[in-house]
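One structure is given below, encoded as structure tokens.
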Amino acid sequence: MAKAGGKGVNLKDKLDGNELDLSLSDLNEVPVKELAALPKATILDLSCNNLTSLPSDFCSLTHLVKLDLSKNQLQQLPSDFGRLVNLQHLDLLNNRLVMLPVSFAQLKNLKWLDLKDNPLDPILAKVAGDCLDEKQCKQAAIRVLQHMKAIQSEQDRERQRRLQAEREMEKQREAEQRKKEAQERELRRREKAEEKERRRREYDALKAARQEMETQTQKESSEIPKLASVSRPSHLPQHRRSWFQALLKLLLLIFLCALSTVAVCRVTELQRHSLCISVNALYEDVVMALQSHKIVQNVLHQNSQQ
1 MAKAGGKGVN LKDKLDGNEL DLSLSDLNEV PVKELAALPK ATILDLSCNN LTSLPSDFCS
61 LTHLVKLDLS KNQLQQLPSD FGRLVNLQHL DLLNNRLVML PVSFAQLKNL KWLDLKDNPL
121 DPILAKVAGD CLDEKQCKQA AIRVLQHMKA IQSEQDRERQ RRLQAEREME KQREAEQRKK
181 EAQERELRRR EKAEEKERRR REYDALKAAR QEMETQTQKE SSEIPKLASV SRPSHLPQHR
241 RSWFQALLKL LLLIFLCALS TVAVCRVTEL QRHSLCISVN ALYEDVVMAL QSHKIVQNVL
301 HQNSQQ
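Its first residue numbered 1, the sequence shown is counted upward by one per residue in the UniProt record's numbering.
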């Protein structure tokens, strides 16, 4: 076994060959880069140091088969500690560990485990039990692996439930979003339909008003000549009738006066008066004219019959 001490020790110079066992002391941190350069060093002893944590790249040392981290001040292991898939022997005696990372369940080759003298969670402490001999340490490895696998399975199920719940919530949000968008589209469609209907009604009302105005105008235009034609006969004939009636009355009065004068001049003693002589002479002339006119009519009538 090659043993190197001190933080600044050059491991490559100390272990240039086929050495498989490394033991480092007086460390405050792990020289991961130097250890990664020694893939043949499958056994690593880091016990009795002042390590409070392991760097995340420590888990890249996947060639390790046996690891001793006892008697340090480790409060937790890296979350991807399960990457050390070749690890078979793990000593964590006398640290400050409370829980193990869930990835611990991936150490399927682990056959030996010591967790004594750690402030472990009561359930984990009960599962691990004692490691006072080889048999107990092997049983501890088996039980702790089973326990961590159960935790991992439960976490996986919980993760799946969360993912499923998130997917359901996402589907619900998408459904609600689609429903909201559909409602908005329906609202816009209704608004457009209402706007279209409103414009149609306004257009129909305007068209009807225009047609009504045109009809009224045509009616008024057609009624104006009628009113003119009706009003003129109603006024002009009445005016003419009044004149005709006055003229007729005047003529009738003149005729009556003439008859009275004729009667007076022919019957009374005034017939020898010069005025009556003229009236009687005029009367005789008229009578003769009427008689002659009647004779001419008779002749003409006879001629027409012949």
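Beta carbons: idealized from backbone N, C-alpha and C, even for Gly.
Three-way DSSP call (helix, strand, coil) for S242 in this model: Here residue 242 refers to the residue found at position 242 of the sequence shown. Collapsing the DSSP output to three states places S242 in a helix.
Identity of the residue in R201, T52, E174 and L22 nearest H63 by Cα: Counting from one through the sequence shown, the residue named residue 63 turns up at place 63. That would be L22, whose Cα lies nearest to the Cα of H63.
When you compare only the Cα positions, how much space is there between E186 and K192? Here residue 186 is taken as the residue at index 186 of the sequence shown, counted from 1. Here residue 192 is taken as the residue at index 192 of the sequence shown, counted from 1. In a straight line, the C-alpha of E186 is about 10 Å away from that of K192.
What three-state label does DSSP hand L54 in the structure shown? Numbered from its first residue, the sequence shown carries residue 54 at position 54. It is coil, neither helix nor strand.
Is it buried or exposed, C265, if we count other Cβ atoms within 10 angstroms and call 16 or more buried? Within the sequence shown, residue 265 is the residue found at index 265, counting from 1. Counting Cβ neighbours within 10 Å, C265 comes out buried, since at least 16 surround it.
Cutoff 6 Å; reference S56; Cβ partners in own chain excluding five residues on either side: If you number the sequence shown from 1, residue 56 lands on position 56. Same-chain partners within the cutoff: P78.
DSSP state of S120 mapped onto helix, strand, coil: Taking the sequence shown and counting its residues from 1, one reaches residue 120 at position 120. Looking at the sequence itself, residue 120 is Leu, so the reference to Ser does not match. Three-state result, L120: coil.
Would you decide whether S292 is buried or exposed? Buried here means 16 or more other CB atoms lie within 10 Å of its CB. As a first step, residue 292 must be located in the sequence shown, where it is residue number 292. By the neighbour-count criterion, in which 16 or more other beta carbons inside 10 Å mark a residue as buried, S292 falls on the exposed side.
I want to know whether the stretch 142-149 touches the stretch 97-109 - three or more CB-CB distances under 8 Å. Short answer: they touch.
Run through DSSP, which three-state label would S23 get? Taking the first residue of the sequence shown as 1, we reach residue 23 at position 23. Under the three-state reduction of DSSP output, S23 falls in the strand class.
Please confirm whether N95 and N109 have their CB atoms less than 8 Å apart. Within the sequence shown, residue 95 is the residue found at index 95, counting from 1. Within the sequence shown, residue 109 is the residue found at index 109, counting from 1. Not closer than 8 Å, so no.
Cβ shell of D45 (< 6 Å), same chain only, five flanking positions each side left out: Residue numbering aside, residue 45 sits at position 45 when the sequence shown is read from its first letter. Within the same chain, S23 and D68 come within 6 Å of D45 by CB-CB distance, once the 5 residues on both sides are set aside.
Which residues does DSSP list as the beta-bridge partners of L44? Counted from its first residue, the sequence shown places residue 44 at position 44. DSSP output for L44 lists L22 and L67 as bridge partner(s).
Please identify the residue among L290, L97 and D133 whose C-alpha is closest to the C-alpha of T52. In the sequence shown, the residue the question calls residue 52 occupies position 52. Of L290, L97 and D133, the smallest CA-CA separation from T52 is found for L97.
Quick check on H147: does DSSP put it in helix, strand or coil? To locate residue 147, count along the sequence shown from 1; it is residue 147. It is helical.
Please state if the CB of C137 and the CB of D114 are separated by a distance shorter than 8 Å. As a first step, residue 114 is located in the sequence shown; it is residue number 114 there, counting from the start. As a first step, residue 137 is located in the sequence shown; it is residue number 137 there, counting from the start. Yes. Within cutoff.
Nearest to residue 308 by alpha carbon, out of D204, D26 and L84? A question about residue 308 goes unanswered here, because the residues of the chain that appear run from 1 up to 306.
When you compare only the Cα positions, how much space is there between R198 and E181? What you label residue 198 is simply residue 198 of the sequence shown in a count that begins at 1. What you label residue 181 is simply residue 181 of the sequence shown in a count that begins at 1. Taking the straight line from one Cα to the other gives about 25 Å.
Would L11 be called buried (16 or more neighbouring beta carbons within 10 Å of its own) or exposed? In the sequence shown, residue 11 corresponds to position 11, counting from 1. Bear in mind that a pLDDT of 49 at L11, under 50, signals an unreliable position, so the number given afterwards is only what the model happens to contain. By the neighbour-count criterion, in which a residue is buried when 16 or more other Cβ atoms sit within 10 angstroms of its Cβ, L11 is buried.
For D204, count neighbouring C-beta atoms within 10 Å of its own C-beta (all shown protein chains included) and say buried if the count is 16 or more, exposed if not. On the sequence shown, position 204 is the one that residue 204 refers to. Burial call: exposed.
Sorted by chain position, which residues of the same chain lie with C-beta nearer than 7 Å to Q152's C-beta, five sequence neighbours on each side aside? Sequence index remark: in the sequence shown, residue 152 carries index 152 (1-based). The beta carbon of Q152 lies closer than 7 Å to those of V102 and A105 in the same chain, with the five residues before and after it left out.
How would you label G5, buried or exposed, when you count the other beta carbons within 10 angstroms and need 16 or more for buried? The residue given as residue 5 occupies position 5 in the sequence shown. Because the pLDDT at G5 is just 40, under 50, the model does not fix this residue reliably, and the point stays unresolved.
Decide if F255 is buried, meaning its Cβ has at least 16 other Cβ atoms within 10 Å, or exposed. As a first step, residue 255 is located in the sequence shown; it is residue number 255 there, counting from the start. Exposed is the call here.
Thinking Q88 and K71 are a contact (beta carbons under 8 Å), I'd like their distance in whole angstroms, please. Within the sequence shown, the letter at position 88 stands for residue 88. Within the sequence shown, the letter at position 71 stands for residue 71. Between K71 and Q88 the Cβ distance is about 21 Å, and since that is not below 8 Å, they are no contact.
Please work out which residues of its chain come closer than 6 Å, Cβ to Cβ, to A140, disregarding the five sequence neighbours upstream and downstream, and give them in chain order. Counting from one through the sequence shown, the residue named residue 140 turns up at place 140. Excluding residues within five positions, the ones whose Cβ falls inside 6 Å are L113, A128, G129 and C131.
So D80 and C59 are supposed to be a Cβ contact under 8 Å. How far apart are they, rounded? Counted from its first residue, the sequence shown places residue 80 at position 80. Counted from its first residue, the sequence shown places residue 59 at position 59. Contact between D80 and C59 holds, since their C-beta atoms are separated by about 5 Å, short of 8 Å.
Just how far apart, CA to CA, sit L100 and K126? To locate residue 100, count along the sequence shown from 1; it is residue 100. To locate residue 126, count along the sequence shown from 1; it is residue 126. Those two C-alpha atoms are separated by around 14 Å.
Output the distance between the C-alpha atoms of S32 and L124, rounded to the nearest integer angstrom. Reading the sequence shown from its first residue, position 32 is the one you call residue 32. Reading the sequence shown from its first residue, position 124 is the one you call residue 124. The question names Ser, but residue 32 is Val in the sequence shown. Inter-residue distance for V32 and L124 is about 29 Å (C-alpha atoms, whole angstroms).
Identity of the residue in K149, E158, K111 and D156 nearest K135 by Cα: Residue numbering aside, residue 135 sits at position 135 when the sequence shown is read from its first letter. The candidate whose alpha carbon is nearest that of K135 is K111.
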